[in-house]
Amino acid sequence: MGKCFAVVSGKGGTGKSTVSCGLAVSFSRKGNSVLVIDLDKGLRCIDSYFGIDPDVVLDLSDAFTGNDISDVFYKINNENELYVIPSPPADFNINSDDFSVFLEKCSSRFDVIILDLPAGLDFSLIKNVPGIKYICVSNQDPVSIKDAAAVRNALNGISPLLILNKFDVELLGKRKYDNIDGIIDNSGIQLLGIIPDTKDMKMFPITNKFKKRGRIIKALNRITERLAGKSVKLPRPDNI
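Just so we're aligned, residue 178 is where the sequence shown starts under our numbering, counting upward by one.
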């Protein structure tokens, strides 16, 4: 059975969906078969980010209305065994028990499944799915950190992991937090990794690709290695 990660955020605009795509690419380039499921109903973006939106005919809802499960998998070109399921229409309601069964079927086919959830505190769709690891994507500003803490509280005893996205070392000490430890303490969430604020990350939704070298893929690789159970040291903030 594959590993399943739910990528969440308290507020919108943290770059959660871009991070979901980046983690998927990193896992894929390490030889894993990967499936990204876009759960932001009515606001499809994962297929657009990967540049396959013109090819999309079916979406997640079709897997629950008579189509074979494999019909809704879309292969991402130029990546190893990376697939996407586009999000359903806004008016489509998925029962949490049915989704759990669906996810179990997917898990038998893929090494890694990444669920890209909508921003906010509603995790009811996946509440019945055992073994999910939650990853909270936040920025380093006080509002994002406060909302990350709200995510932790909403998970009712489930401990998420924290990714600081769009990180700028020059902002440390200028926005309430003097160091990364202060951010961790205020969020109350264990730090998984840090992704720097770079042009390459901002360009992904336009280019539909992550470079094979550079700071972004190195940061993503550190995170996926940690998720795979490896001990990977975090670089100094000025060297991320």
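Cβ atoms here follow ideal geometry from the backbone N, Cα and C, with glycine treated the same way.
| Asked | Found |
| --- | --- |
| Sub-8 Å separation of Gly190 and Asp324 beta-carbons | no |
| Reduced DSSP category for Phe344 - H, G, I as helix; E, B as strand; rest coil | strand |
| From Phe182, Cys181, Gly192, residue whose alpha carbon lies closest to that of Pro373 | Gly192 |
| Proximity to Lys218 [Cα-Cα], best of Val320, Leu237, Ala201 | Leu237 |
| Closest by C-alpha distance to Thr384, when choosing among Thr195, Ser321, Lys180 | Thr195 |
| Reference Val320; option with closest CA among Phe287, Arg286, Ser364 | Ser364 |
| Three-state secondary structure assigned by DSSP to Cys222 | coil |
| C-alpha distance - Gly179 paired with Phe344, whole-angstrom precision | 30 Å |
| Cβ neighbours of Ile335 in the same chain (closer than 8 Å, five flanking residues each side left out) | Tyr311 |
| Nearest neighbour of Ile290, chosen from Ile371, Gln367, Thr401, Lys379 [CA to CA] | Thr401 |
| Cβ-Cβ distance between Val261 and Asp215 below 8 Å | yes |
| 6 Å CB neighbourhood of Lys252 in its chain, flanking five on each side removed | Tyr260 |
| Residues of its chain near Leu349, where Cβ-Cβ distance is below 7 Å and the 5 sequence neighbours each way are ignored | Asp355, Asn356, Pro414 |
| Alpha-carbon to alpha-carbon, Val314 and Pro295 | 12 Å |
| C-beta contact flag for Ala331 and Leu368 at 8 Å | no |
| Residues near Ile309 in its chain [Cβ-Cβ closer than 8 Å; skip 5 each side] | Cys181, Phe182, Ala183, Leu292, Ile303 |
| N-terminal and C-terminal residue of the beta strand (DSSP E) that Ile326 is part of | Checking the sequence shown, residue 326 turns out to be Ala, not Ile. From DSSP, Ala326 is part of no beta strand (DSSP E) but of the alpha helix (DSSP H) over 319-331. |
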